[in-house]
Amino acid sequence: MIWGSTLASSIVNSSLGLNTFLVSPPMVKKISEVAFLTGQPLGYYGSWSLFSLSHHYIVWLATLKAYPLRSTPFVDYALLGDDILITDKKVANQYSRLLDRLSVTISFAKSIVSENGTIEFAKRFWIRDMQKDISPISLKALTSCRTTVGLCQLSCRYSIEISTLQRLAGAGYKVRSRLMSTQSPRWERLKAAACKPNRLHLLPLEFWIGRRRPRPSILI
698 MIWGSTLASS IVNSSLGLNT FLVSPPMVKK ISEVAFLTGQ PLGYYGSWSL
748 FSLSHHYIVW LATLKAYPLR STPFVDYALL GDDILITDKK VANQYSRLLD
798 RLSVTISFAK SIVSENGTIE FAKRFWIRDM QKDISPISLK ALTSCRTTVG
848 LCQLSCRYSI EISTLQRLAG AGYKVRSRLM STQSPRWERL KAAACKPNRL
898 HLLPLEFWIG RRRPRPSILI
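In terms of our numbering, the numbers along the sequence shown are unbroken and rise by one, the last being 917.
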């Protein structure tokens, strides 16, 4: 253990204490005690960080079992809560064995064992040695396509071309075929806003679109 049995016992006992509370009338007829059988205790804000640290520790232990003579830290993995990616086969096998000893079940139906770098991590799907992102656009993101700002945010997040943005905004084939020509003010505003540099750019959106004249101090 990292910090000893005393601290570990304190953490477990305190979490169990926060996991039980009383429910009284008018919610129920008689005062009763309620406890969660699974999940995180209410108000126990350190549970997520402790869980992540414990998860890292299991990976480190799996590395030690896979490579007993290894002197450098193992960094060929990514971890986010209970979502994990391990790119070393020996470490992955030892990790699976450790979870079996801890009576933790791995959902192989939701897991990917790849030989060509195809992964799914943090709701993102990558192929070709994790170099190409082919994650689908969420339905929630598509619902924001009714405004120019929503379309621009979608473009920055998913690297969508102007023609596709116009199509999402309702433009037909005739509009998109004249992409390099002067279009109506609506489509010109969309092109100007979508082509604006990222948020680290010094000039504001008003200057980039050209609706307002910038102050001299902006150009300095």
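The beta carbon of each residue, even a glycine, is placed where N, CA and C say it ideally should be.
{"Item": "Terminal residues of the alpha helix (DSSP H) in which Tyr742 lies", "Value": "It is not in any alpha helix (DSSP H) - Tyr742 carries neither H nor E in the DSSP assignment."}
{"Item": "Trp823 versus Pro833 - alpha carbon distance", "Value": "11 Å"}
{"Item": "Length of the line joining the Cα atoms of Ser852 and Met724", "Value": "49 Å"}
{"Item": "Distance CB(Ala732)-CB(Thr717) smaller than 7 Å", "Value": "yes"}
{"Item": "Arg912 versus Gly867: straight-line alpha-carbon distance, rounded", "Value": "Residue placement at Arg912 is flagged as unreliable, the pLDDT there being 47, under the threshold of 50; the coordinate-derived value follows with that caveat. One C-alpha to the other measures close to 36 Å."}
{"Item": "Cβ neighbours of Ser707 in the same chain (closer than 7 Å, five flanking residues each side left out)", "Value": "none"}
{"Item": "Three-way DSSP call (helix, strand, coil) for Glu730 in this model", "Value": "strand"}
{"Item": "Beta-carbon gap between Leu719 and Ile728 smaller than 7 Å", "Value": "yes"}
{"Item": "Residue environment, Trp884, which counts as buried when at least 16 other CB atoms sit within 10 Å", "Value": "buried"}
{"Item": "Integer Cβ distance of Ile809 from Met827, believed to fall under 8 Å", "Value": "That pair is no contact at about 12 Å."}
{"Item": "Supposed contact pair Leu887 and Gln863 - C-beta distance, whole angstroms, cut 8 Å", "Value": "7 Å"}
{"Item": "Contacts around Gln918, its chain only, beta-carbon distance under 6 Å, and the 5 residues preceding and following it disregarded", "Value": "The structure shown does not extend to residue 918, since the chain spans only 698 to 917, so no value can be given for it."}
{"Item": "Contact the stretch 770 to 777 vs the stretch 797 to 806: 3+ CB pairs below 8 Å", "Value": "no"}
{"Item": "Cβ-based neighbour list, Pro831, same chain, cut-off 7 Å, excluding 5 preceding and 5 following", "Value": "Just to set this straight, residue 831 is Ile in the shown sequence, not Pro. Cβ neighbours of Ile831 beyond the five flanking positions: Phe822, Ile824."}
{"Item": "Nearest-angstrom Cβ-Cβ length linking Leu848 and Ser860, presumed shorter than 8 Å", "Value": "No, Leu848 and Ser860 are not in contact; Cβ-Cβ is about 12 Å, not under 8 Å."}
{"Item": "Selection from Glu858, Leu865, Thr845, Ile857 that minimises the alpha carbon distance to Pro882", "Value": "Thr845"}
{"Item": "Rounded straight-line distance, which links the Cα of Gln880 to that of Val872", "Value": "8 Å"}
{"Item": "Nearest-angstrom beta carbon gap, Leu782 and Phe818 [assumed within contact, 8 Å]", "Value": "5 Å"}
{"Item": "Nearest-angstrom beta carbon gap, Leu795 and Ile857 [assumed within contact, 8 Å]", "Value": "No, Ile857 and Leu795 are not in contact; Cβ-Cβ is about 42 Å, not under 8 Å."}
{"Item": "Test item: CB-CB of Cys842 and Leu865 under 7 Å", "Value": "yes"}
{"Item": "DSSP three-state assignment for Asp779, whether helix, strand or coil", "Value": "coil"}
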